[in-house]
Every structure is written in C-alpha cells, then in structure tokens.
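Residue numbering for the first sequence follows our numbering, beginning at 929 and increasing consecutively.
For glycine and all other residues, C-beta sits at the position ideal for the given N, C-alpha and C.
These figures come from a predicted structure and were not determined experimentally.
The block underneath contains the structure these notes are about, expressed in structure tokens.
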Amino acid sequence: MWPVDPPSRKAVARCASAWIECWSGRRDDRRATFVDPNGARMSNPTKPQPAVQTAITPTREQHYAEWYQQVVRAADLAENSPVRGCMVIKPWGYQLWENMQRVLDRMFKDTGHKNAYFPLFIPLSFLEKEAEHVEGFAKECAVVTHHRLQAGTKPDGRPGLVPSGELDEPLVVRPTSETIIGASFAKWVQSYRDLPLLINQWANVVRWEMRTRLFLRTAEFLWQEGHTAHATEAEAREETMKMLDVYADFAENWMAMPVIKGRKTDGERFPGAVDTFSIEAMMQDRKALQAGTSHFLGQNFAKASEIKFLDQNGTLQHAWTTSWGVSTRLVGGLIMTHADDDGLMVPPRLAPTHVVILPITPKPETAAAVNEACEKLAKRLREIAYAGRTVEVEVDRRDLRGGDKMWQWVKKGAPLRVEIGPRDLEQNAVSVCRRDRGTKERTAMSADALVAGVVALLEEIQQGMLAKAKAHREANTRVIDEPAEFRAFFTPNKQESENSPTEIHGGFAMSRFAMDAKDEAKLKDDLGVTVRCIPIEGPDDPGPCILSGKPATRRVVFAKAY
RNA sequence: CGGGCUGUAGCGCAGCUUGGUAGCGCGUUUGACUGGGGGUCAAAAGGUCGCAGGUUCAAAUCCUGUCAGCCCGACCA
929 MWPVDPPSRK AVARCASAWI ECWSGRRDDR RATFVDPNGA RMSNPTKPQP AVQTAITPTR
989 EQHYAEWYQQ VVRAADLAEN SPVRGCMVIK PWGYQLWENM QRVLDRMFKD TGHKNAYFPL
1049 FIPLSFLEKE AEHVEGFAKE CAVVTHHRLQ AGTKPDGRPG LVPSGELDEP LVVRPTSETI
1109 IGASFAKWVQ SYRDLPLLIN QWANVVRWEM RTRLFLRTAE FLWQEGHTAH ATEAEAREET
1169 MKMLDVYADF AENWMAMPVI KGRKTDGERF PGAVDTFSIE AMMQDRKALQ AGTSHFLGQN
1229 FAKASEIKFL DQNGTLQHAW TTSWGVSTRL VGGLIMTHAD DDGLMVPPRL APTHVVILPI
1289 TPKPETAAAV NEACEKLAKR LREIAYAGRT VEVEVDRRDL RGGDKMWQWV KKGAPLRVEI
1349 GPRDLEQNAV SVCRRDRGTK ERTAMSADAL VAGVVALLEE IQQGMLAKAK AHREANTRVI
1409 DEPAEFRAFF TPNKQESENS PTEIHGGFAM SRFAMDAKDE AKLKDDLGVT VRCIPIEGPD
1469 DPGPCILSGK PATRRVVFAK AY
C-alpha cells in the first residue's frame, strides 16, 4: 500500500510510525520529479500525493504530537536549548507572550492589583511550612546548595570548576511563591486596614519535569502569579472567582479560546489549597488543557506564614489568602486551538503583526513605485487603533522569493497578508489574503477600502476563530449516561501498538459523578481519563454516577488531559 | 522515574547488519536567467559522525558508560 522503497531498519524503528516517513510528507520530497520512459516529467509515481499539500507535516490527523512540534518550529516560536527541558522563546513567540502580558496586566490593574517582585530563591525551611504544599512540589524542585565555583578536580577526575562554599540552608528555585510572598505579607499585614492586599508578580518558575514539551510543559517557564490576602473568607472566595472570570474573559475574548470554568476535584487540587478552580479548554486532539488556575487557599498559608491581623473588634485573626496564575502554557494552548496543517494562526487581538505587506517587484523599473505604495499604506494602517494598540504592520522587503516569503507568514499565522505589485498599482488596488481562508484566495480592494475596513476585517477573523473553536468543542462534547458508551467514547478505535502515538479520539464527556476519589483514581488507571472540572455554570442534574451508580447531583467534565 | 527508539553539515536523512578516504536532498554563498507564489541553470562553502572510555593496524560502524531529544506510561500547570 505504501511506497516501493523498503524503509530502512532505522526508519521503521523510528518513533514516528514508519508510514509517515514514507508518505510524501517531507517537504523536501514534495517537489521531487522523475523522468518516465518517455522523458516526460512527472510526480514521483511511487509516492502517493496528499490531496492537499500542507506546510506542516505530519498533519494533525497523522501524528498530533509531532505536528505540534513542527508548528512551533515552522512558526519560529521557540526551540530547545542546551539546557535539558528548557526552551528558548524566539521573537515571534515572545511577542505573543508580551501581548498576553500587556492585556492581562491591564486586567489585573483594573481589578485593583499591583505588581511586585519576590526572590527567585526560597529557603528550604519556607517550603516546609505547609505540609501538603511541600509534598506537592518536593519531587520537582531544583535546589541550590553552593554559592561559589573553584578550580579543582571534578568527580570524573578532570580539572575544572567545582562548587564550593556550601550554603547553611539550601535554596529552592521557586516552583511557586506562596511561601516567600507569605513571609512578606506577614510583615505587611497588621491590621484589617491593611487588607485586602492585592499583589501580582510576573516571573519565571522552575519545576523539574520528567517529560517536557515546548510551551506546554518545560522545566522553566514564565508566568504571572497573583497573591492576595483578605479579612474574610467570603471576600477571599469572591477574589478567587473574580480572577477566574478574568482568565475566562481573556481566554475567550483575546485568545479566541473557549473555556469551561469549574472547580477541581480533591484529587486535582493545588497542594495546600482549600479549593482550586480552573479554566479548561479543548485542544484540537480533543484533550483538555488546564489554561489557568485560581486557588482559594483558606487560612492554610496564612497559618504557615503567620499572616495575622487585628480585626475591628481587636481580635487577632489569620488572613484568608488566594493565588492565581497563567503561564506561557497559554501559548501552547493558542497553538493547539488555532493552528492548522499550514501552521499557526494567531488571533488578531494578540497578533505580533496584524498586516504583512509583501511588495511584488518583478521589474526593477516599477520597484520604487511599488515600495513607495507599500510604505504609504503601512503608514496609514499604523495610525489605526485596534485592540488596545495600533494596527501593527510589517513591510517585508527581504530579498526572498515570493513563494517562500508568503509561506513563512502563513506558517507564522499573521492574520492578513497584503500584496502590492505593479498590476495592483495600475488598478489602484491591493490584494488581500486572510490567514483563515485558503492560501490561494485573494481579494482585490482599494487601499482606501482596506484602511477603512481593516479593523472590521481583523475582528471578523477574531470572531471566526472563536466560533470555529467553539464549534469544535461542541462537536466533541457529549452528554453520556451509559457506562458502556462512556468507555467506548474514551477508547481509540484502532488497536495501537505499544509505543505508537494514540489516535485522536474522545473529547469532553458530560457525565454525573458522585465525587468519590477512589472511583476517580480507578478511572485514571483504566482509561487515562480524569475529571477536568466541576463546571460552575449549569444546573444541578441529579442521577446515578457514571462510574459507581451512586447518587450524584451534578454533571462534570471528564476528559483526557495535558 | 519505567519501557521503546534516535543522536552523522543550518534542517531532513542515508551509510552501521559484514570496521578500511564522509554521502544525499533542501537550505546557505556567488553568478546568470526568472518573477503574483514553497523558481531554473551553473559553481562553491559547510561535518571533532552527541560526549567519554574500550576493542582493533584501522571505529560513524563493534562494546561499555554518559548526556540530550522523541514516542508510550507514571507524575505534573
């Protein structure tokens, strides 16, 4: 069924299934031409051609995990670094994060929070203060034990720099900052008049993960962590929900990524929290991505860090705290929500560049006029306000062949490409291509029309992306009441060999759950499915639990997860 | 951390079974021709074969260790 050339031993063994190797997937093979006995050029007859050539291979359908990595690379978002599990975020990816930061930071300030910065290093004893918290993070901590390097002999007997100057107390590179911030809060809070204390930190954190994936799970990542202290439980709970709403608002209205807000089960709670809430999004492989969390910490950390205040009655009380965060994982979510087999597609409201102008200069004698028209259009567009900034325009005058240049921007996912060539000048027109339409689809319009309509166009793309993502989620969400159907829903059709990637299957199952942690653990062992969240919105719907048959009051979101 | 696999030019790979001068495609550079679509032709540059040991007259190839990456688990944002 596949190519004539037998794949080599290595190719067969390679983690990606052999058939992907043999498929005409590799870009470099795509244009291979062969001469038939009559001398006519023809496509390589031994290689089946895909119906549509895609910029990214393999496609999502063929091998989702590999597709994801190829998109990250093709869109020039990030790459692996010499440091295990750590990534280099490249400009296009970092600009996305900067745009997320800018919008979120505004939202945090609008809800009364102020930024501050706390140490990267956390004394071991701090982390030990909250029992559940230590246990939750102990396995993945990077620990600093020395503060100096000295010329000496390394363990392997070679000369080199060896650590010296052992610290009295090891320092943990922050996996999260509850304890170190708690120490400050304890000093800052004396009276009920000091509350609420609403602080946010933009920082990097380190969690020594076993298995890493660019943006989705790396040893070091960038995030924002809000930490607040309140006088009453009600107020702290309100804060927790308020920030969850902020995240949901951001995800849907800026990232065009629909999310479900919900509470975590005990098994999925943040270590040390009383209640954890999250926003859960469905990726294109139908797995759930926890895209943001908001924790009601009760008085657990206040007790551990001694955050105490005198209330109106002169009684000394522990404060009620919250914490909440989103990370560069959002970039991963963005990719897996919107990218297609031609690469990334960035939602206009967060796009580093909204409009790419490509001058088409086939003849030197018309080049100057074309370039001038491009710059003029760019200048006009840059004066237009859009999504809290101005329309970002890049005139790409790099000396590259047209096709290459165009495909680079397709893969990066710039929302609009505008081509201006001599023929357009003659007709007083520009050619506009949308990233959410076919790569060959072009619309001619006057520069004036583009300037007048660019905001509406960008918004149409933004809304279209959200609608598409919502439709995908709805198409793969099922209300399930029968255990057999539930099992079938989460079981792949094909019998996969042990080490091959799993086919795309499942989705969100909305089923009743009686909240028994043992049943949940068993489900995870059995099917790899977990309760993603207990949705906040939605009515009670009593009936038998899908796992145990015991009476349950609510439906929850069951899914496989990242 | 367990199981499987892979590290050879910027990227993708062949060569390894049977040890004997380092190969291919794309990309890059130069020149010409092209010119609204991942061009054409010609020439050129580019590699401590992941790293460290070992076996051998000789190692990309065999052995041991180690590091890194990927897939499947476990764990996790």
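Between the C-alpha atoms of Y1045 and R1345, what's the straight-line distance to the nearest angstrom?
40 angstroms
Less than 8 angstroms between the CB atoms is what I'm expecting for V1284 and A983, so what's the real figure, rounded?
With a Cβ gap of about 16 angstroms, V1284 and A983 do not count as contacting.
If distances are taken between C-alpha atoms only, which option among G1477, V1071, M1438 comes closest to P1493?
One cannot answer for residue 1493 here, as it falls past the ends of the chain, which runs 929 to 1490.
Report yes if the CB atom of P1186 is closer than 8 angstroms to the CB atom of A1397, and no otherwise.
yes
What do you get for A1003, buried or exposed, if any count of 16 or more other CB atoms within 10 angstroms of its CB means buried?
buried
Exposed or buried, R954, counting other C-beta atoms within 10 Å across all chains shown (16 or more means buried)?
Only weak support is given to the placement of R954: the predicted model assigns it a pLDDT of 31, under 50, and the question is left unresolved by the model.
Just reading off the alpha helix (DSSP H) that P1276 is part of, what are its end residues?
Segment: none, P1276 is in no alpha helix (DSSP H) and carries neither H nor E.
Return yes when the Cβ of W1151 is within less than 8 angstroms of the Cβ of T1250, no when it is not.
no
Excluding the 5 residues preceding and the 5 following R959 in the sequence, name in chain order all residues of the same chain whose CB lies nearer than 6 angstroms to its CB.
Note that R959 scores 29 on pLDDT, short of 50, meaning its location in the model is unreliable and no value can be drawn from it.
Along the chain, where does the beta strand (DSSP E) containing A1147 start, and where does it finish?
Run containing A1147: none; DSSP gives neither H nor E here.
Span separating the alpha-carbon of E1300 from that of A1131:
43 angstroms
Considering only C-alpha positions, which residue in the set I1462, R1034, T1481 is nearest to G1471?
T1481
Start and end of the beta strand (DSSP E) containing L1344?
1344-1348
Pair within 8 angstroms by beta-carbon distance, P1343 and H1282:
yes
So, at 7 angstroms on beta carbons, what are the nonlocal neighbours of M1028 in its own chain, with the 5 sequence-adjacent residues on each side left out?
L1258, L1278
Looking only at its chain, what residues have a beta carbon closer than 6 angstroms to the beta carbon of S1222, apart from the 5 residues adjacent to it on each side?
T1168, M1171, L1172, F1205, W1252
Excluding the 5 residues preceding and the 5 following G1226 in the sequence, name in chain order all residues of the same chain whose CB lies nearer than 7 angstroms to its CB.
V1202, W1248
Indicate the three-state DSSP secondary structure (helix, strand or coil) for V911 in the structure shown.
There is no way to answer for residue 911, as the model of the chain reaches only from 929 to 1490.
Could you give the DSSP three-state label for C1302: helix, strand or coil?
helix
In chain order, which beta strand (DSSP E) runs of at least 3 residues are fully inside the stretch 1402-1442?
1405-1407, 1436-1440
Quick check: the stretch 1387-1407 against the stretch 1261-1279, are there 3 or more CB pairs under 8 angstroms?
yes
Given that a residue counts as buried once 16 or more other Cβ atoms are within 10 Å of its Cβ, and exposed if not, what is H1074?
exposed
State the Cα-Cα distance for the pair K1368 and D1213, rounded to the nearest angstrom.
27 angstroms
Can you tell me which of A1164, A1159, F1486, V1174 puts its alpha carbon nearest to the alpha carbon of I1462?
F1486
With 16 other CB atoms within 10 Å as the buried threshold, where does L1077 fall?
exposed
For the putative contact between E1056 and P1103, defined by C-beta atoms under 8 angstroms, what is the C-beta separation to the nearest angstrom?
In fact, because the Cβ distance is near 13 angstroms, the residues do not count as touching under 8 angstroms.
According to DSSP, is W1020 part of a helix, a strand, or is it coil?
helix
Are there 16 or more other CB atoms within 10 angstroms of the CB of E1448, so buried, or fewer, so exposed?
buried
So, at 8 angstroms on beta carbons, what are the nonlocal neighbours of A1159 in its own chain, with the 5 sequence-adjacent residues on each side left out?
Y1120, L1123, P1124, F1237, D1239, Q1245, A1247, W1248
Taking the alpha-carbon of T1156 as reference, which of T1039, P1479, V1383, I1207 has the nearest alpha-carbon?
T1039
Along the chain, where does the beta strand (DSSP E) that runs through G1226 open and close?
1216-1226
Tell me whether the beta-carbon of G1435 lies closer than 8 angstroms to the beta-carbon of T1405.
yes
According to DSSP, simplified to helix, strand and coil, what is N1241?
coil
Below 6 angstroms CB to CB, which residues in the same chain sit around G1260 once its five sequence neighbours on both sides are set aside?
F1143, L1144
Please say whether G1341 and R1363 have beta carbons closer to each other than 8 angstroms?
yes
Backbone CA spacing between F1049 and I1109 [nearest angstrom]:
12 angstroms
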